[in-house]
Amino acid sequence: MDEEGELVEEVRVANADLDELAQKYEGSEAALEAGSNHFTIYDELEQYVDVTLANPAKADWLATQRQKSDRKDAKNLARYLRLNDVPESYVPPEEYRRYRALARGRKKFVDKRNDFKNEVNSLLDRNGITYDGSLWTDEGREFLDELTLGEPSQLLLEQWLEAIDEFTEKITEIQAKIEEVAVDVEEVDLLMTVPGIASYSGLMIHSEIGEVERFDRAAEVVSYAGLDPVIRESGDSRREGAISKEGNGNLRWILVQCANVAVHNVKDPYLSQFYWRLRNKRNKPHKVAIVATARKLLVALFNMLRKNEPYDPPEVSA
């Protein structure tokens, strides 16, 4: 599209030589919708043109079209790019992408394993079998291995347990790689000074935040994580609602996990006191209190990374 908005050329990217296309329009601007393979296309185009990665969640004209097609999307991207009105998605450097791939890959394996564990629990419920304790300890697995059920329940149980063991092996393997990589990442070493943050959670937090310098204030990184409360204003009243959940879901998820560990496992005084004050004095439910604690944790992590200082929270009174 030229400077006047007239269509100059239309090609299908799937059938085009991206390198040749980018060289042809070297020095111009391009917009790309974030998708499953956008990094590959972005990297190839960026060698020659100025690329903007569009965030469809923030582009109403891109996300809410009644009749959505690649052709219409491309024209809209070009049109709004001319108007300098394309909301951008963050494009992390290559090293951050590698870290993200490892951390997100481990999470997917764990999620899949949990699916099969839930199937086992449902199977036992349907067969009227109860177990006093966790099925996923050594004793629990011994109990499951010794069960004799009717068909097809027995076959399903054996297959699901086999799948769980396979996923456990994969998780162990990828965890070993994460630990190997995390040793050489200074930011992860810094994050691990926080009680409850280990190599996996540290690498995920680091990779999902990306370059911390791109945030000027803690409020910006809180919004990026979708942990910012939705503000409702009417007249002279102002009320905070639930969190927006409009940001990085992986970052939000791992922060909540770390907050739970800090409060309930390692009992970090700074975060624990904040959590229990919300629970006991303000009568907040666990979900609300732990999300607020995750937000407080993120602010602390942001300040640590910006200042390159280890975790050193203010002392709390008894």
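Per UniProt numbering, the sequence shown starts with residue 1, numbered consecutively.
Cβ atoms here follow ideal geometry from the backbone N, Cα and C, with glycine treated the same way.
Every value quoted in this text rests on a predicted model; they were computed, and no experiment measured them.
Item	Value
Segment limits, alpha helix (DSSP H) that includes residue 50	Where residue 50 is concerned, there is no enclosing alpha helix (DSSP H), although the beta strand (DSSP E) it sits in stretches over 50 to 54.
Segment contact, 8 Å Cβ cut-off, at least three pairs: the region 102 to 119 with the region 155 to 168	yes
Opposing strand residues paired with residue 254 [DSSP bridges]	Note: residue 254 sits in no beta bridge, so no partner.
Backbone secondary structure at residue 142 - three-state DSSP	helix
Inter-residue CB distance, residue 250 and residue 204 (contact presumed, cutoff 8 Å)	7 Å
Any 3 or more C-beta pairs closer than 8 Å across the region 46 to 59 and the region 76 to 93	yes
CB contact flag (residue 28, residue 43, <9 Å)	no
Residues that DSSP places opposite residue 149 in a beta bridge	None; residue 149 has no bridge partner.
Cβ shell of residue 11 (< 8 Å), same chain only, five flanking positions each side left out	21
Beta-carbon spacing of residue 26, residue 190 below 9 Å	no
At least three beta-carbon pairs within less than 8 Å, the region 289 to 298 to the region 259 to 275	yes
Distance, residue 108 Cα to residue 217 Cα	31 Å
Which residues DSSP lists as bridging residue 30, in chain order	51
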